[in-house]
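Sequence lines, in order, name chains H and V.
So the first sequence is numbered by full-length UniProt numbering: it starts at 1 and just counts up by one.
So the second sequence is numbered by full-length UniProt numbering: it starts at 1 and just counts up by one.
All residues carry an ideal CB built from backbone N, CA and C; glycine is no exception.
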Amino acid sequence: MDELSRILIQALGQLIAPATAAYALAAIGLNLHFGYTGLLNIGQAGFMLMGAYGFAIATIEGAPFWLAFLVSAGAGALLALLLGIPTLKLRGDYLAIVTISAAEIIRFAGRSTLWADYTGGASGLAGSTYKGPFQALSPLPDGRTTIGPLEYLNNGSDSWWTRIFAWSVVLVAVLLVWLITRSPWGRVLKGIREDEDAVRALGKNVFAYKMQALVLGGVAGSLAGLLFVLPISVAPDNMGRTLTFFVWTVMLLGGAATLFGPVLGAMLFFFVYMLLRTGMRAGLADVMPAQNVEHLAGLMVGVALMCIVIFRPQGILGNKKELAFDVR
Amino acid sequence: MTADRPIASAARRILAVGVAALAAATASAAMLAAPAAASTTDVATTCTPDGTTACVSPVVLDSDNEPLPGIDVTIAGPGFEQVVTSTDGPVSVAVPEVGTYTLTIDEDTLPEGTTANATERQVTAQLGSTARGAFRVGEGVAPEGGGATDEPTEPADGGTSDGAGAGGEGEDTGIGADGSTQNVSGWPAFSQVWQQFGSGIRFGLLLALASVGLSLIYGTTGISAFSHGEQVTLGALLGFISVNWWGLPVPVAVVVTILVCAGTGWLQDMVLWGPLRKRGTPVMQLMIVTIGLSMALQYVIQMFIGGRSQRVLPSNAQPLELAGITLSTASWISMAVAVVVIGAMAWFLTQTRIGQATRAVSDNAALAAATGINPDRIVRIVWIMSTGLAGLSGMLLAISFGSFTWTLGMILLLLMFAAVTLGGMGTAFGALAGSIVIGIVVEMSTLIPGMPSSLRYASGLLILILVLLVRPQGLLGRAVRVG
């Protein structure tokens, strides 16, 4: 029974973990791309890595927190522009190919020796080098706080302050998405998703709208990268293709083209994922090593993603009619 | 498959090859121009790799992925041994010659109660680059994230683990130093360029095996199959298993690998793609299904080999020099196999009824169906064929490069997409031409002084973006107005 409650508490902790907030924000950005505009971005991890490097390097170079925050957002916007210019006039899957490639190349570049002075190479940047200004902002008193079964430090890396900040950013992002998607601008985006030619015939500059959506979603992605590295360190190998695929699973699980889908998806996904992993580690300890449990859990995520897309493409909250994509 | 219409084809193909060669030349020129200053920026290490220096660097990380100072690591190699103590930053030493070095961590210097995830790492030192061996130290915790710290042994760093290739390069530098061709600024000698050109052809041919299939899948189904990279890794894995676990002779292992991989293609089409086609699932959804499949396959592969790098052939590579290019004997044989298989593919696509039907479906599925071709059957054949070819490609790549890890396909996928886009999506011969160009550019880009070998794959992305800007339909593709 002790074992069971430990597993449950660990899984509960995932509901409000900073990493869950980071995934939720990344999925919100991806939802702007895919859910609302129909852009296939398979390199969200690349945007996240850009944001993480932008934030960490700016802080290490002496920038105050909010400037580093802006640098992080700017890094995502820049990447979106660079990737959008050659691809957004072409068929949808070119964007997919370019983003998945770019994400990997950014990771290679980050871990290469060429810019190791800034990026720390393969070992990345230690958390202690860039967390100072953020943690100094905390208004909370020192000490520990317990809410229900969850107990964390007030300040520090894995703290209430990190959680409050991360979820506030997510909340603001949800609010912004709500505002922009119910505006005329948001309706044009949905129009592009449904039928690009029809929107073009109405005299709209489809390229510009797509680019704006790509940049906004990319900024959300890079800020998600910032949230992702706040409690840990910048490690390029933690932010590879698997991260992108998890973000996709999170978004599709909650429901593409829905307001709360990404947030619900992230919470549910990490609750179940943690439950599965700790449960299997305890239950299958005699059958297989811990390493294989991780692989088995990853395999299950892959199969789950396939099943969601095949059997319930609208996810938990979505509306199937919203997924009538204009495939070209 | 407009490129293969008898009248237009010959001229266009010649043109395409010309353009391809030109593109390769410009791309490498563009890359040569850029990083001249870059070679000196690597000051954090005590050893700066350049055209005549190879560096080895031990990396000791704690469980939070942060450098752990004060750990002694012994670097030993041919006639060389030195103890290095890790610091907060990177440390590296220059080694006298290229080749394999063993890094051994001194467990007495570890903090109390901790262990390293390995006591020994093997790295291959290469001129102009730093070979890293990573150790992770924690409280008896197995490392997570698989290959995260196994950078040095990854085939991501490609030919570096190819003993023969590295030896060849070292030899070339020797020749360059004797003669007058060696440039003061560290620019490569002609023999080095020629050697890398040979490696590029090898890489291109093996890449072509996989990308032709990717292109055919795209042509017949409209799917950009993101799982194709894992199909390549699967081939390498099966090659490894059949040679090392089952003890099959290599030719038999090749056949087994192809058959099993083709079987996975058949199975996928039976349970996944076929039913989804009947339901009329939109292509975009199918592409996300390939993402899920790729993730699932990736973890299956990791279950077998974890994060370690594996050798398909247990014996050491025998170098063989042909026309001034030194590659391992296994590489030459792999290239020959690739040429034969590609030739057979070309014959199949142009001469047999099924092959012609495949190209017809690829060109216009509805029209092909109207002429009595069964697109469903053709698509199944394409899935079987392309997964089989991807498996062969993976096994041959693992043999030629010496070793592989689960990340092999991930990197190749990018290059395959670049190759297929360059050649024109959906065209089989375009994929072939594109692959050769990409292979040559990727291998030649290592000649740039100061270019880390892990970044050479960036050239693939560079080409991809240039192609999309200048000629989005690719070399052999047909321009379609899309907006």
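Select from the options the residue whose C-alpha is nearest the C-alpha of residue i.
| i | options | result |
| --- | --- | --- |
| residue 486 of chain V | H/42, H/86 and H/82 | Lying outside 1 to 483, the shown extent of chain V, residue 486 of chain V is not represented and no answer is given. |
| residue 121 of chain H | H/128, H/127 and H/113 | H/113 |
| residue 468 of chain V | H/188, H/152, H/96 and H/175 | H/96 |
| residue 78 of chain H | H/218, H/294 and H/171 | H/218 |
| residue 276 of chain V | V/431, V/348, V/388 and V/380 | V/380 |
| residue 37 of chain H | H/300, H/230 and H/209 | H/209 |
| residue 384 of chain V | V/265, V/242 and V/431 | V/265 |
| residue 164 of chain H | H/182, H/149, H/145 and H/221 | H/145 |
| residue 15 of chain H | H/129, H/166, H/98 and H/223 | H/166 |
| residue 35 of chain H | H/189, H/72, H/51 and H/129 | H/189 |
| residue 225 of chain V | V/441, V/269, V/369 and V/325 | V/269 |
State buried or exposed for residue i, treating a residue as buried only when at least 16 other CB atoms are found within 10 Å of its CB.
| i | result |
| --- | --- |
| residue 261 of chain V | buried |
| residue 315 of chain V | exposed |
| residue 83 of chain V | exposed |
| residue 280 of chain V | exposed |
| residue 61 of chain H | exposed |
| residue 123 of chain V | buried |
| residue 178 of chain H | exposed |
| residue 473 of chain V | buried |
| residue 165 of chain V | At residue 165 of chain V the pLDDT is 28, less than 50, meaning the model places this residue with poor confidence and gives no usable figure here. |
| residue 212 of chain H | buried |
| residue 199 of chain H | buried |
| residue 215 of chain H | buried |
| residue 382 of chain V | buried |
Consider the Cβ of residue i: report whether some Cβ of chain H lies at a distance smaller than 9 Å.
| i | result |
| --- | --- |
| residue 67 of chain V | yes |
| residue 121 of chain V | no |
| residue 471 of chain V | no |
| residue 231 of chain V | no |
| residue 339 of chain V | no |
| residue 287 of chain V | yes |
| residue 2 of chain V | In this prediction, residue 2 of chain V has a pLDDT of 40, which is less than 50 and means its spatial position is unreliable; what the coordinates show is noted afterwards. Not an interface residue. |
| residue 408 of chain V | no |
| residue 310 of chain V | no |
So that I know if they touch, is there some Cβ in chain V lying closer than 9 Å to that of residue i?
| i | result |
| --- | --- |
| residue 315 of chain H | no |
| residue 287 of chain H | no |
| residue 134 of chain H | no |
| residue 318 of chain H | no |
| residue 123 of chain H | yes |
| residue 45 of chain H | no |
| residue 240 of chain H | yes |
| residue 158 of chain H | no |
Would you check if the distance between the CB atom of residue i and the CB atom of residue j is smaller than 9 Å?
| i | j | result |
| --- | --- | --- |
| residue 414 of chain V | residue 460 of chain V | yes |
| residue 308 of chain V | residue 405 of chain V | yes |
| residue 203 of chain H | residue 251 of chain H | no |
| residue 247 of chain H | residue 174 of chain H | no |
| residue 59 of chain V | residue 205 of chain V | no |
| residue 106 of chain V | residue 62 of chain V | no |
| residue 237 of chain V | residue 342 of chain V | no |
| residue 170 of chain H | residue 56 of chain H | no |
| residue 133 of chain V | residue 327 of chain V | no |
| residue 229 of chain V | residue 462 of chain V | no |
| residue 360 of chain V | residue 371 of chain V | yes |
| residue 350 of chain V | residue 231 of chain V | no |
| residue 104 of chain H | residue 241 of chain H | yes |
| residue 81 of chain H | residue 296 of chain V | no |
Between which two residues does the beta strand (DSSP E) containing residue i stretch?
| i | result |
| --- | --- |
| residue 321 of chain V | 319-322 |
| residue 194 of chain H | From DSSP, residue 194 of chain H is part of no beta strand (DSSP E) but of the alpha helix (DSSP H) over 184-194. |
| residue 327 of chain V | 325-328 |
| residue 61 of chain H | Counting along the chain, residue 61 of chain H falls outside any beta strand (DSSP E), and DSSP gives it neither H nor E. |
| residue 153 of chain H | 150-153 |
| residue 95 of chain V | 93-95 |
Let's see if you can read the secondary structure: which residues bound the alpha helix (DSSP H) around residue i?
| i | result |
| --- | --- |
| residue 145 of chain H | Unbroken run through residue 145 of chain H is the beta strand (DSSP E), 144-147; no alpha helix (DSSP H). |
| residue 102 of chain H | 92-111 |
| residue 386 of chain V | 375-401 |
| residue 20 of chain H | 18-30 |
| residue 212 of chain H | 206-229 |
| residue 384 of chain H | The shown model of chain H, from 1 to 328, leaves out residue 384 of chain H, and the question about it has no answer. |
| residue 456 of chain V | First-last for residue 456 of chain V: undefined, no H or E at that position. |
List, in order along the chain, the chain B residues whose C-beta lies closer than 9 Å to that of residue i?
| i | result |
| --- | --- |
| residue 460 of chain V | Absent from the structure is chain B; the protein chains it does hold are H and V. |
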